[in-house]
Structure formats: C-alpha cells, structure tokens
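To start, the structure under review is shown below, and the notes come after it.
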Amino acid sequence: MDAHAPNSTSEGSFVTLEKLVSLCKRRGFIFQSAEIYGGVTGLYDNGPLGTLMKQNIRNLWKQSLNHLEQDVVYIDGALIGPEAMWKASGHISNFHDPMVDCMVCKHRYRADDINLEKPCPHCGNKQWTAVRDFNLMFTTQVGANTGQSTTAYLRPETAQVVFVNFKNVMTSSRAKIPFGIAQIGKAFRNEITPKQFLFRMREFEQMELEWFCKPSESNDFYNFLMLQRMMFMHAIGITKERLRLHAHAQGELSHYSRGTSDIEYHFSFGWKELEGIAHRGDYDLTQHMEHSGKDLKVYDEETKESYTPHVVECSVGVDRLFLTLLFDAYYEDTVEGETRTVLRLHPAIAPITVAILPLTKKQHDLAHPLYKKLKLANYSVEYDVSGSIGKRYRRQDEIGTPACITVDFDTPTDNMVTLRHRDSTKQERISIDDITKRLDELLKISFLG
Ligand code: ATP
300 MDAHAPNSTS EGSFVTLEKL VSLCKRRGFI FQSAEIYGGV TGLYDNGPLG TLMKQNIRNL
360 WKQSLNHLEQ DVVYIDGALI GPEAMWKASG HISNFHDPMV DCMVCKHRYR ADDINLEKPC
420 PHCGNKQWTA VRDFNLMFTT QVGANTGQST TAYLRPETAQ VVFVNFKNVM TSSRAKIPFG
480 IAQIGKAFRN EITPKQFLFR MREFEQMELE WFCKPSESND FYNFLMLQRM MFMHAIGITK
540 ERLRLHAHAQ GELSHYSRGT SDIEYHFSFG WKELEGIAHR GDYDLTQHME HSGKDLKVYD
600 EETKESYTPH VVECSVGVDR LFLTLLFDAY YEDTVEGETR TVLRLHPAIA PITVAILPLT
660 KKQHDLAHPL YKKLKLANYS VEYDVSGSIG KRYRRQDEIG TPACITVDFD TPTDNMVTLR
720 HRDSTKQERI SIDDITKRLD ELLKISFLG
C-alpha cells in the first residue's frame with residue numbers, strides 16, 4: 300500500500316508562507332486569534348483540522364517516549380509561576396532579547412535580526428536608538444487587592460515546573476534514576492517581533508522531556524537522546540535531507556547549558572531550530588535548592604551518598620513542529636491535467652485518516668452507516684456527499700487525507716468499495732470487511748530508525 304510516498308521536496312521548490320497561511324485558514328487548520336477585532340500579532344487559534352492534527356502530534360511524541368528503555372512520567376503544571384521561581388531559574392536576569400527602535404518611523408526590531416550599520420528596512424533612515432535588553436516574560440499580578448498582590452509570570456517554558464516538582468514526582472511515583480519527567484503545555488513569550496506565522500509566536504505549546512540521570516551518565520544520555528529525537532523526526536515523515544543537527548559553539552551556549560544541539564529544519568527562510576537538546580548539568584536543581592532552601596538531592600543506594608542529578612532536556616514546540624510538517628508535506632502536482640494541492644502528511648499525522656464518499660446521493664444509505672461505524676471505532680473520518688467525486692478527492696488531498704473510500708453502484712451486490720490513495724492517486728477495489736485492517740496498516744509508524 301502506498302502509505303506515504305517518498306518525499307522529494309528537498310529537490311523541489313519551497314512553498315511560500317502566504318500559501319500555507321491561506322490553506323490553513325481556508326481549510327480550518329489555523330486562524331488568526333480574535334481576527335474579527337483585528338487580531339493580535341503572534342496569537343493564533345487552532346481550527347477543527349489543526350486541533351486534530353496537533354492531537355496526533357502530541358500522541359506520537361508520547362508514543363516515541365515509550366521506546367526509551369527507562370520510564371517517563373508526565374506532569375501538567377501551572378501556567379503562572381511566582382517571581383522567586385523565575386529568579387532562581389535565571390529567567391528574570393537572563394531571559395531577554397536585544398531590542399532596537401528606528402527613531403524616525405518607530406519601527407521596533409530584534410537587534411540581532413538586522414544590521415545596524417544599514418538603514419531601517421522599513422523607512423530607509425539610519426537613526427537607531429541604543430540597543431537595550433527586553434525581558435520576554437509576561438508579568439501578571441496574583442491577588443485581588445491592589446497593594447497586596449504579588450508579581451508573578453506566565454511561564455516562558457514548561458521545564459521549570461518540572462524541576463520544582465522533581466522531589467514530589469520522584470517520591471510519589473517511586474521512580475528511580477535514570478528516568479524522565481515529560482510535560483506538554485503552553486508557554487508564553489512576549490517576542491519582540493513574532494514572525495513567520497507559527498514559527499515565532501507569543502503563546503505556543505511545548506513538549507518537553509527532562510531526563511534525570513547520574514552525572515557520570517549524562518554525556519551518554521545527551522548523545523543518545525539527540526539521536527532518538529532525530530529518529531522521531533524521520534519517523535513522522537519529515538524529509539531527511541531537510542533536517543540536520545547543529546551543535547552550539549561554546550560561546551553560543553545558554554547560561555544553564557553544558558552542551559546544546561538543535562535539530563534544525565530547512566525552511567524557505569533558512570535553517571532554523573525545530574527542537575533543542577540541552578545538557579543542563581545540575582544547574583536547575585542546584586539553583587532551586589539554593590533559592591528555596593529545600594533539598595532536591597538523591598540518595599544513591601550503592602555509594603551511600605547523596606548527589607544532585609544531571610538533566611538532559613529535549614524541547615520542541617508543537618506549533619513549530621506543526622508548521623514544519625505542513626511546510627514539508629505541501630506539494631502541487633498535476634492529476635488528470637489539473638493542478639492539485641496535496642499534503643503528503645504521514646497518515647498518523649494527517650487530521651483525517653479516511654473520507655467516506657458515496658458516489659452519488661443514492662449510496663447514502665450504505666455509505667453513512669460505514670462512516671458511523673468507523674467513527675465509533677475511533678478513526679478520524681469525514682463524510683462528504685456533495686460535488687463531483689473528482690472535486691471531493693481534491694478537497695481531501697488538500698488536507699492530507701491518506702485514504703478515500705468510495706461507495707458505488709456495485710457495492711450493494713459485491714460488498715466492495717474503492718480505496719483511493721492520496722499520493723499516487725491509485726485506486727483499488729477492496730472488501731468492506733478489510734477496511735479497518737487497511738487503515739491500521741496505513742497508521743503504523745516505527746520510531747526505531
Ligand atoms: P529561538 O532561538 O528560535 O528563539 P529558543 O532557543 O529560544 O528558540 P527554546 O527556548 O530552546 O527556543 O525552546 C524550545 C522549543 O520551543 C524551540 O525549539 C521551538 O520549537 C519552541 N519555541 C520556542 N520559542 C517559540 C516561539 N516563540 N514560538 C513557537 N515555538 C517556539
């Protein structure tokens with residue numbers, strides 16, 4: 300079965316972001332948030348298809364962690380955190396980007412995004428303000444009484460909630476080092492210049508794995524997890540030639556890092572970080588011990604000594620991965636003399652797995668129960684009865700549906716339907732009784748390289 304034809308976009312041209320944005324809106328993947336009020340830059344809402352596809356991304360990420368030898372447990376922490384926590388983590392003093400303004404047109408830039416030797420790209424003048432640091436965290440006040448409320452921050456990453464809960468999780472789940480704590484959830488950054496659609500947003504979702512291990516094993520786990528994460532990107536169908544690992548040079552490392560490697564993807568706007576893998580050493584637990592006064596060390600039964608575990612972090616944005624998958628899967632090709640848009644998503648990522656299409660309205664009585672049966676069996680299924688069959692196929696191609704099933708005049712007599720494959724457009728006749736088996740084959744995914 301032609302589940303996912305090999306992707307050759309690395310040799311082809313890039314889809315423009317404008318085309319992707321337009322497809323996302325037209326077909327209900329992503330909408331500008333509060334669009335009817337003009338929207339807010341960097342904020343987006345997931346439409347029906349975006350919601351389904353992101354759920355698939357989260358599920359596959361979790362599934363990939365099941366392949367690790369040791370256990371991974373999950374938490375789902377608070378989005379707002381107290382000032383003390385962000386002081387300890389280093390975010391209050393370090394989590395900023397350099398900002399500069401054009402004094403003539405007042406346009407604001409991230410200073411590391413532009414060349415200050417050159418004129419303002421917006422108005423052509425060359426009068427810059429001094430470069431200053433802008434902290435990216437959103438501040439809020441907790442408590443109803445002015446004067447008595449305390450300052451808190453929306454989390455700019457999910458990781459810190461894991462570190463401050465490390466002891467709680469270890470004790471309650473009886474986990475033993477090495478093990479992982481994973482979290483999927485929202486993060487907020489008041490980015491100076493949100494851009495490139497979902498690439499840089501102000502509210503986004505992260506999937507983070509914090510891997511706790513003995514200091515002597517942390518380098519090995521860092522190298523191992525790097526490969527695991529790359530294998531995940533391959534497994535979900537991203538073109539291998541468009542992925543690479545970029546190791547940060549010593550001078551590039553964040554304040555907490557002993558080593559960081561990014562998995563980068565080749566977008567139309569260059570090679571960009573998709574996921575970061577960081578060897579954080581004992582930085583976070585040590586900081587939280589110092590600032591909170593609580594002991595977060597672990598007792599080693601073998602050596603009879605306490606030690607501070609090391610942490611290797613794998614952090615990827617759901618939305619950035621979603622954008623990458625769309626970008627990578629977008630093709631325009633010609634079918635029966637007509638140009639079609641097709642998203643060659645891995646079937647396990649595609650928001651809809653199968654579309655049930657009665658050839659004419661006359662087949663409704665047979666086709667609709669089939670649709671309901673598949674829906675109750677938890678397949679992601681759509682039913683479409685209106686328009687020519689060719690048009691209905693195109694609609695499904697455009698949203699990446701890997702299989703279309705057509706119920707036709709012969710179905711009542713032979714109990715067979717036509718299964719049409721998205722990428723090759725090939726059609727085959729199969730028995731109704733074999734449909735779920737064929738769909739399960741399509742949805743199979745291997746994280747083992
Ligand atoms: P960048 O250099 O692109 O700003 P970063 O190094 O600040 O990224 P991390 O703090 O390592 O990013 O965040 C981990 C992951 O979270 C990133 O690899 C990315 O997938 C995602 N991410 C970070 N910031 C954003 C954002 N503003 N919008 C969407 N996704 C983001």
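Taking our numbering, the leading residue of the sequence shown gets 300, the next gets one more, and so forth. The beta carbon of each residue, even a glycine, is placed where N, CA and C say it ideally should be.
By a C-beta neighbour count over all protein chains shown, 10 Å radius and 16 as the cutoff for buried, is residue i buried or exposed?
i, result
"residue 309", "Since pLDDT at residue 309 reaches only 38, below the 50 mark, its modelled position is unreliable, and the value read off the structure follows with that caveat. Label assigned to residue 309: exposed."
"residue 709", "exposed"
"residue 366", "exposed"
"residue 568", "exposed"
"residue 679", "buried"
"residue 637", "exposed"
"residue 393", "exposed"
"residue 574", "buried"
"residue 348", "buried"
"residue 315", "exposed"
"residue 610", "buried"
"residue 659", "exposed"
Between the C-alpha atoms of residue i and residue j, what's the straight-line distance to the nearest angstrom?
i, j, result
"residue 482", "residue 586", "21 Å"
"residue 745", "residue 536", "10 Å"
"residue 304", "residue 646", "With a pLDDT of 37 at residue 304, under the threshold of 50, the modelled position of that residue is not reliable, and the figure given next carries that caveat. About 11 Å."
"residue 398", "residue 370", "42 Å"
"residue 484", "residue 732", "40 Å"
"residue 345", "residue 651", "15 Å"
"residue 548", "residue 607", "26 Å"
"residue 538", "residue 600", "45 Å"
"residue 743", "residue 644", "13 Å"
"residue 306", "residue 628", "Interpretation of residue 306 is limited by its pLDDT of 37, a score under 50 that renders its predicted location unreliable; no figure is taken from the coordinates."
"residue 300", "residue 375", "Legend: pLDDT at residue 300 = 32, less than 50; position of this residue unreliable, no value from coordinates given."
"residue 302", "residue 462", "Since pLDDT at residue 302 reaches only 35, below the 50 mark, its modelled position is unreliable, and the value read off the structure follows with that caveat. Between residue 302 and residue 462, the C-alpha separation is close to 41 Å."
"residue 464", "residue 740", "40 Å"
"residue 357", "residue 738", "20 Å"
"residue 726", "residue 499", "40 Å"
"residue 583", "residue 384", "11 Å"
Taking the alpha helix (DSSP H) that residue i belongs to, which residues open and close that run?
i, result
"residue 674", "663-675"
"residue 642", "Per DSSP, residue 642 belongs to no alpha helix (DSSP H); it is in the beta strand (DSSP E), 637-642."
"residue 715", "Segment 715-720 is the beta strand (DSSP E) holding residue 715; no alpha helix (DSSP H) there."
"residue 521", "517-534"
"residue 740", "734-742"
"residue 348", "347-364"
"residue 391", "390-393"
"residue 321", "316-325"
"residue 690", "688-697"
"residue 621", "617-628"
"residue 485", "That residue, residue 485, is in no alpha helix (DSSP H); its beta strand (DSSP E) goes 478-487."
Restricting to Cα atoms, I'd like to know which of the options is closest to residue i.
i, options, result
"residue 402", "394, 422, 667, 578", "422"
"residue 342", "596, 685, 417, 490", "490"
"residue 696", "705, 742, 720, 528", "720"
"residue 630", "621, 640, 528", "640"
"residue 527", "605, 363, 624, 603", "363"
"residue 550", "543, 558, 544", "558"
"residue 425", "622, 432, 405, 438", "405"
"residue 360", "533, 715, 602", "533"
"residue 556", "389, 322, 353", "389"
"residue 612", "627, 649, 523", "523"
"residue 323", "594, 352, 542, 416", "352"
"residue 319", "717, 624, 741", "624"
"residue 432", "444, 400, 734, 715", "400"
"residue 560", "566, 544, 570", "544"
"residue 596", "619, 621, 514", "514"
Which residues bound the beta strand (DSSP E) around residue i?
i, result
"residue 434", "431-434"
"residue 578", "569-580"
"residue 330", "329-331"
"residue 458", "Unbroken run through residue 458 is the alpha helix (DSSP H), 458-463; no beta strand (DSSP E)."
"residue 381", "379-381"
"residue 545", "542-546"
Is the Cβ-Cβ distance between residue i and residue j less than 9 Å?
i, j, result
"residue 656", "residue 698", "no"
"residue 459", "residue 380", "yes"
"residue 517", "residue 554", "no"
"residue 496", "residue 335", "no"
"residue 479", "residue 531", "no"
"residue 589", "residue 387", "yes"
"residue 441", "residue 451", "yes"
"residue 492", "residue 408", "yes"
"residue 704", "residue 675", "no"
"residue 506", "residue 617", "yes"
"residue 455", "residue 486", "yes"
"residue 435", "residue 396", "yes"
For residue i, would you say it is in contact with chain B, using Cβ-to-Cβ distances shorter than 9 Å as the test?
i, result
"residue 595", "Absent from the structure is chain B; it holds one protein chain and no more."
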